[in-house]
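Visitor: The opening residue of the sequence shown carries number 3 in my numbering; numbering runs sequentially from there. Sharing a structure here in structure tokens format.
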Amino acid sequence: MKKQTIGSLLKLKQRNEPITVLTAYDATFAKLVSQQGVEVILVGDSLGMVMQGHTTTVPVNIEEMVYHTQCVSRGNQGALIVSDFSFMSYATPEQTYTNAQRLMQAGANMVKLEGGEWLLDTIRGLTERGIPVCAHLGLTPQSVDILGGYKIQGRDEETAEKIYQDAIALQAAGAKLLVLECIPQLLSEKISKALTIPTIGIGAGKQTDGQVLVLQDMLGMDTSFSPAFVRNFMLDPSVNSIADAIKCYVNEVKQGNFPASEHCFD
Ligand code: KIV
Ligand code: NA
């Protein structure tokens, strides 16, 4: 695959071609995922659960994000690499710039942070210094203890309006991509239409400009964890290997077959 850039993702949005994103945390999977044509690899702090066995992303630190970004970067063949800032690693400008430097030098092409308008100065500062930022709204797992669990966000009018206004403000501050996690599909459609930057949804309906899933989830590897928005692509009759399952995900997202209504929230 030709090396993906912010510009190539923007073109996909403009052509109405869904963008495919998967997480990866190591070189082998990064190679496989990028070889199947997935445009963006997210080195997510979901590695706290998937790699480390924690119950939240809160225990993950920046050294671990740097290590996994290096691993992914060595295996990647053309995908754009987005790496998560870990919990509280972007709390002050000093921390933000030092940690962004570390993620970018580890091989990230973009850094991702969770939250709304309180991050506008952070996003502006990073962008001015040449570091592209992906924002993340809705269910923001680093705030799980404030949110009181992993619940759909923005079902009431006030929160929905806040998420919408945050999305507009994040783009204006320079965000180049926006992840929308577990929000009603009408809200993510409204946001995706209002923004010029691509939106990437997880549990956010089919109207976002792209889709993301945690790799181990879409491979059905943890039989005790299957949230409603996930589909196990290993179970597709056409699939005989992990590479097939990833290819099937790419095809189903590109054709608009995933997510189906059973994977979406109202
Ligand atoms: O950490 C992660 O994998 C994420 C995605 C679920 C969006 O942030
Ligand atoms: Na994350």
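C-beta atoms are modelled at their ideal positions from N, C-alpha and C, and glycine is treated no differently.
How many angstroms separate the CA atom of T58 from the CA atom of G9?
Guide: By 1-based counting over the sequence shown, the position of residue 58 is 56. By 1-based counting over the sequence shown, the position of residue 9 is 7. Each residue's Cα considered, the two are about 33 Å apart.
Visitor: Look at M106 and L82 and say whether their C-beta atoms are less than 8 Å apart.
Guide: Start at 1 with the first residue of the sequence shown, and residue 106 comes out as number 104. Start at 1 with the first residue of the sequence shown, and residue 82 comes out as number 80. Inclusion of M106 and L82 in the CB contact set at 8 Å is not warranted, their separation being larger than that value.
Visitor: Going by Cα to Cα distance, which pick from L188, Q155, I148 is closest to V60?
Guide: Start at 1 with the first residue of the sequence shown, and residue 60 comes out as number 58. Cα-wise, what sits closest to V60 is I148.
Visitor: Just how far apart, CA to CA, sit K208 and L215?
Guide: Start at 1 with the first residue of the sequence shown, and residue 208 comes out as number 206. Start at 1 with the first residue of the sequence shown, and residue 215 comes out as number 213. So the alpha carbons of these two residues sit roughly 13 Å apart.
Visitor: When we look at the beta-carbon of F89 and count the other beta-carbons within 10 Å, is it buried (16 or more) or exposed?
Guide: Start at 1 with the first residue of the sequence shown, and residue 89 comes out as number 87. By the 10 Å Cβ count, F89 comes out buried.
Visitor: Comparing alpha-carbon positions, which option in I193, K4, P143, N18 lies nearest V255?
Guide: Translated into positions along the sequence shown, residue 255 becomes position 253. Checked all of I193, K4, P143, N18; the closest Cα to V255 is N18.
Visitor: Does the ligand KIV have even one heavy atom less than 7 Å from the beta-carbon of T25?
Guide: Position 23 of the sequence shown holds residue 25. Answer for T25: yes, Cβ within range of the ligand KIV.
Visitor: Measure the beta-carbon distance from I185 to G156 and round it to whole angstroms, keeping in mind my assumption that it falls under 8 Å.
Guide: Reading the sequence shown from its first residue, position 183 is the one you call residue 185. Reading the sequence shown from its first residue, position 154 is the one you call residue 156. Confirmed, Cβ separation roughly 4 Å.
Visitor: Within its chain, find whatever has a CB closer than 7 Å to the CB of P95; leave out the 5 residues flanking it on each side and keep chain order.
Guide: As a first step, residue 95 is located in the sequence shown; it is residue number 93 there, counting from the start. So the qualifying residues of the chain are G127.
Visitor: Helix or strand or just coil, what does DSSP make of T57?
Guide: As a working note, residue 57 is residue 55 in the sequence shown. Coil at T57, not helix or strand.
Visitor: Can you check which of these residues, D211, A177, A169, A171, is closest to R131 by C-alpha distance?
Guide: Within the sequence shown, the letter at position 129 stands for residue 131. Among D211, A177, A169, A171, the Cα nearest to that of R131 belongs to A177.
Visitor: Short check: CB of V232 to CB of M223, under 8 Å?
Guide: Your numbering for residue 232 matches position 230 in the sequence shown. Your numbering for residue 223 matches position 221 in the sequence shown. No.
Visitor: Does the contact criterion of 3 or more C-beta pairs under 8 Å hold for the stretch 115-127 versus the stretch 136-143?
Guide: yes
Visitor: Determine the burial state of Q173: buried for a count of at least 16 other Cβ atoms within 10 Å of its Cβ, exposed for fewer.
Guide: Working through the sequence shown from its first residue, we reach residue 173 at position 171. Answer is buried; the Cβ neighbour count reaches 16.
Visitor: Write down every uninterrupted run of the beta strand (DSSP E) in the stretch 165-237 whose length is 3 residues or greater and which is fully enclosed by it, in chain order.
Guide: 179-183, 201-204, 212-215
Visitor: Let me make sure I understand the geometry here. Which of T225, K192, S226, L217 has the alpha-carbon closest to that of T210?
Guide: Taking the sequence shown and counting its residues from 1, the one referred to as residue 210 is at position 208. When only C-alpha atoms are compared, the closest one is K192.
Visitor: Keeping to the same chain, check which residues put their C-beta closer than 7 Å to that of R104; ignore five residues upstream and five downstream.
Guide: Taking the first residue of the sequence shown as 1, we reach residue 104 at position 102. Contacts found: I64, V68.
Visitor: By Cβ distance below 7 Å, which residues in the same chain neighbour S190 in space, the five residues on each side in sequence not counted?
Guide: Translated into positions along the sequence shown, residue 190 becomes position 188. Excluding residues within five positions, the ones whose Cβ falls inside 7 Å are L182, T201, G203, A206, G207, Q209, T210.
Visitor: Is E66 near the ligand KIV - that is, is its Cβ less than 7 Å away from at least one heavy atom of it?
Guide: For the purposes of this step, residue 66 is identified with residue 64 of the sequence shown, where counting begins at 1. E66 Cβ: outside cutoff for every heavy atom of the ligand KIV.
Visitor: Would you mind giving the Cβ-Cβ distance between A26 and V35, rounded to the nearest angstrom? I have them listed as a contact below 8 Å.
Guide: Along the sequence shown, one-based indexing puts residue 26 at 24. Along the sequence shown, one-based indexing puts residue 35 at 33. Confirmed, Cβ separation roughly 5 Å.
Visitor: I need the DSSP call for K4, collapsed to helix, strand or coil.
Guide: Along the sequence shown, one-based indexing puts residue 4 at 2. Reduced to three states, the DSSP call for K4 is coil.
Visitor: Let me know the secondary structure DSSP gives K256 once reduced to three states.
Guide: For the purposes of this step, residue 256 is identified with residue 254 of the sequence shown, where counting begins at 1. Of the three classes helix, strand and coil, the one that applies to K256 here is helix, per DSSP.
Visitor: In the DSSP assignment, find the beta strand (DSSP E) that holds D147 and state where it starts and stops.
Guide: As a first step, residue 147 is located in the sequence shown; it is residue number 145 there, counting from the start. Where D147 is concerned, there is no enclosing beta strand (DSSP E), although the alpha helix (DSSP H) it sits in stretches over 146-149.
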